[in-house]
Structures are given as structure tokens and as C-alpha cells.
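Have a look at the structure below before the remarks.
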Amino acid sequence: MEYKTGDVIGAYRLLEQCGKGSFGQVFLAENLFSGQTVALKLLMGTGKAMQKELARLIRFRSCRHPNLLPILHIDKVDNRLYYTVPPADNLTPGEGYSADTLAHRLSSRGPLPASEVMAMTVELLAGLKELHRHKLMHRNIKPDNILWLNRQAVLADVGLVRNHADAGACGSPGFMPEDV
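Pasting the structure below:
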């Protein structure tokens with residue numbers, strides 16, 4: 001089932017679709033009880049695939065670090081898994097969704113100043129260190145999956161996070177080592 005603006009999923013009203021891909025849909029949503037605005041990712045897949053994804057989300061959720069996008073809520077609707085995360089900086093409901101990602105910054109401003117790149121790199125490495133401490137790997141680091149939350153760079157899109165022991169070759173073309 002495809003969801004659209006205005007639909008209600010659990011305690012969330014979908015305000016605007018932010019993205020759509022092979023793994024599912026992303027919406028800007030509002031919690032009907034608290035009024036909190038979140039990004040809601042509705043995943044594709046059922047059965048065994050959904051159970052594996054749920055286990056990964058729960059494992060990632062245990063990694064609490066300012067440079068990892070926190071998962072606020074995990075649930076199911078219509079036999080599909082969804083989770084919520086805080087929306088990226090510079091997001092105002094009703095003005096269109098333009099997440100403050102590295103990809104957006106590069107396309108709108110061009111190359112970033114070296115000082116900004118260094119600060120971002122230090123922050124992202126701290127997040128990766130925390131993932132690795134939990135024996136997890138991100139496997140899809142690319143400009144679209146780096147966003148700013150509370151003016152700090154964070155790693156997002158946990159869909160390809162895997163346990164070190166289970167990790168095989170995976171990622172986005174153009175952002176993987178050539179030997180993979």
C-alpha cells in the first residue's frame with residue numbers, strides 16, 4: 001500500500017512526502033498526541049526480511065551518540081515496519097522538505113570550506129567509532145546520508161547497518177571502494 005499526505009500511521013499524521021526509494025517512503029509527520037514533528041520512514045518488506053530489519057533497528061537504536069541519527073519510535077502498520085527520527089535542521093513544515101544534508105549543501109553552495117569539512121569529518125568519525133564499538137558497520141556513507149541535526153553532522157539511513165560478522169559488500173554506486 002502506498003501512503004500519502006494526510007494519512008495517519010499509528011500516532012502520526014503524514015504531512016509531506018520527503019523521499020521514496022527501493023527501501024520505502026519517507027514522510028515529514030506530526031505526532032498527534034505531542035505535536036512533535038518527525039521524519040517517518042516506512043519500509044518495504046514483510047516476513048523474514050522485516051524481522052531482520054527490526055533486529056537491526058533495535059541494535060542501532062542502542063547506539064546513542066550525538067553524531068548518529070537517533071531512532072525515536074519503531075512500530076508496524078499494515079504489516080510494514082516504520083520508524084521515526086528527528087527531522088534535519090532547517091526544516092519547517094509547510095515549506096517543502098529540503099533536508100540539510102551534505103548533498104544539499106554541496107549542490108546549493110558548491111565545495112565547502114576546509115574548516116567545515118574538518119569539523120564534519122571529526123563529528124562523523126566519532127559517530128562511526130560508536131557504531132564500531134557496538135560491532136556495527138554503516139555500509140552506505142554518502143552525501144545524502146549525512147545530515148545536520150542541532151548543527152552537528154550525523155550519520156543517517158540505518159537501513160544498511162550490519163553486524164561486523166554479517167556484513168557483506170553493499171552500498172551506493174560511486175560511494176563504495178572499487179574492489180567491492
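Position 95 of the sequence shown, counting from 1, maps to 95 under full-length UniProt numbering, and the rest follow consecutively.
Every residue, glycine too, gets a C-beta built ideally from N, C-alpha and C.
Quantities reported herein were computed from a predicted structural model and do not represent experimental measurements.
Tell me the residue span of the alpha helix (DSSP H) that contains residue i.
i, result
"residue 51", "47-61"
"residue 128", "114-133"
"residue 39", "Segment 37-43 is the beta strand (DSSP E) holding residue 39; no alpha helix (DSSP H) there."
"residue 102", "102-109"
Under DSSP, the beta strand (DSSP E) around residue i begins and ends at which residues?
i, result
"residue 24", "24-31"
"residue 146", "146-149"
Are the beta-carbon atoms of residue i and residue j separated by less than 9 angstroms?
i, j, result
"residue 106", "residue 86", "no"
"residue 69", "residue 149", "yes"
"residue 83", "residue 40", "yes"
"residue 119", "residue 66", "no"
"residue 155", "residue 138", "yes"
"residue 103", "residue 142", "yes"
Which residues does DSSP pair with residue i in a beta bridge?
i, result
"residue 19", "26"
"residue 75", "82"
"residue 8", "13"
"residue 1", "According to DSSP, which records beta bridges pairwise, residue 1 is partnered with nothing at all."
"residue 153", "148"
"residue 68", "155"
With distances taken from CA atoms, which of the options is nearest residue i?
i, options, result
"residue 9", "78, 138 and 109", "78"
"residue 74", "125, 61, 67 and 4", "61"
"residue 146", "65, 110, 121 and 101", "101"
"residue 15", "37, 55 and 23", "37"
"residue 99", "31, 4 and 157", "157"
"residue 2", "11, 12 and 26", "26"
"residue 31", "136, 11 and 24", "11"
"residue 90", "17, 151 and 136", "151"
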